[in-house]
Amino acid sequence: MQVVILESPEAVAEYGAHIFIRHLQKKPQAVLGLATGSTPVALYQKLIQANQQGDISFQDVTTYNLDEYLGLAGDHPQSYRYFMNQQLFDHIDINKANTFVPPGSASNPILACDEYEQMIEQSGGIDIQLLGIGRNGHIGFNEPSSGLLSRTRVKTLTQATIDDNARFFSADEYQPHLSITMGIGTIQDSQQVVLLATGSGKADAIYRTVEGPMSASCPASALQMHQNAVIVIDEEAAAQLEHKEFYKHIERENQTLLAQLGY
Ligand code: GLP
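Counting in this note's numbering, the sequence shown runs from 182 upward without gaps.
In structure tokens:
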């Protein structure tokens, strides 16, 4: 894993956005895996800006989102489809027909999960998967105990996740406790994974992801087995890492090497 520790949430968004921008400039027909939650919002703003300045285009891009609440249709303001439209798709030159979010209102969600897997495969697989992380170490909605080779499926949310996400729902609003999520195996199949985390609330989850044993009790720790996972975090999220200075040293060496090679 490449662990990149930066000064601020702003720098985290900038670093993450840069990975996507460089990739889109090299491969305009990229297949991107996208995430919801508050963490990726600043990165999306930078992608919107780059698109509006003409630095990148999304015209030939296909996207797959990680997850969706089961029981919410795409026009529900708390659905992840709605979130993606609001935070990204409505502001860039993407063809919305090429943007996919697991169908939260599918009449047969089990079948829909298999279809989602097939669609990703038919698109040629995901080039870069963006991830946030839950305080309990979940990625997508792969809650603790998720199989490390799991595929897209219906997943029950933990009470901790329901509580964490309650802030997005009004008191009298129905908050789903089930989801459809890409599995950990699905995420692992992407060519590159970029996980962003900021703030002290994520420090324990980041410690367990990077330095803990690989375990289903911290689903993000499965990324220890990924061939190209970049963990981009701010100082607060890095606070519990034992080898923080070493990761910073590696990143400086990487940057020096890339500069020498002209990247
Ligand atoms: C939800 C999403 C995750 C996201 C997590 C953290 O549970 N399903 O994909 O990583 O929230 O969200 P935030 O970035 O708001 O902390």
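Ideal placement from N, C-alpha and C gives every residue a C-beta, glycine not left out.
CA-to-CA distance, residue j to residue i, given in whole angstroms
| i | j | result |
| --- | --- | --- |
| residue 272 | residue 239 | 11 Å |
| residue 231 | residue 203 | 11 Å |
| residue 409 | residue 369 | 9 Å |
| residue 335 | residue 367 | 14 Å |
| residue 260 | residue 429 | 37 Å |
| residue 441 | residue 255 | 47 Å |
| residue 414 | residue 184 | 8 Å |
| residue 242 | residue 332 | 23 Å |
| residue 359 | residue 196 | 33 Å |
| residue 443 | residue 436 | 10 Å |
| residue 300 | residue 311 | 18 Å |
| residue 385 | residue 188 | 18 Å |
| residue 269 | residue 278 | 14 Å |
| residue 329 | residue 191 | 31 Å |
| residue 246 | residue 282 | 5 Å |
| residue 355 | residue 302 | 33 Å |
| residue 425 | residue 419 | 7 Å |
| residue 337 | residue 324 | 8 Å |
| residue 412 | residue 182 | 7 Å |
| residue 145 | residue 374 | Nothing about residue 145 can be reported from this structure: the residues present for the chain run from 182 to 444 only. |
| residue 222 | residue 262 | 14 Å |
| residue 244 | residue 211 | 8 Å |
| residue 257 | residue 264 | 9 Å |
| residue 295 | residue 438 | 42 Å |
| residue 194 | residue 227 | 8 Å |
| residue 400 | residue 327 | 7 Å |
| residue 225 | residue 423 | 31 Å |
Residues bridged to residue i [DSSP beta-bridge criterion]
| i | result |
| --- | --- |
| residue 334 | 362 |
| residue 213 | 244, 309 |
| residue 396 | 399 |
| residue 413 | 185, 377 |
| residue 323 | 320 |
Does the segment 355–367 touch the segment 228–240, meaning 3 or more C-beta pairs lie closer than 8 Å?
no
Around the ligand GLP, what residues have a beta-carbon under 6 Å from a heavy atom of it, in chain order?
216, 217, 218, 219, 220, 247, 248, 313, 314, 315, 321, 322, 342, 346
Please determine if the segment 349–358 and the segment 400–407 are in contact, where contact requires at least 3 C-beta pairs separated by less than 8 Å.
no
Can you find at least 3 beta carbon pairs, one from the segment 372–388 and one from the segment 326–343, that sit closer than 8 Å?
no
Contact between the segment 244–256 and the segment 284–304 is defined here as three or more beta-carbon pairs at a separation below 8 Å; is this criterion met?
yes
When the Cβ atoms of the segment 432–441 are set against those of the segment 202–219, are three or more pairs found closer than 8 Å?
no
Under 8 Å, with one C-beta from each stretch per pair, do the segment 387–403 and the segment 320–327 reach the 3-pair mark?
Short answer: they touch.
In chain order, each beta strand (DSSP E) run of at least 3 residues that lies wholly inside the segment 247–318:
248–250, 309–312
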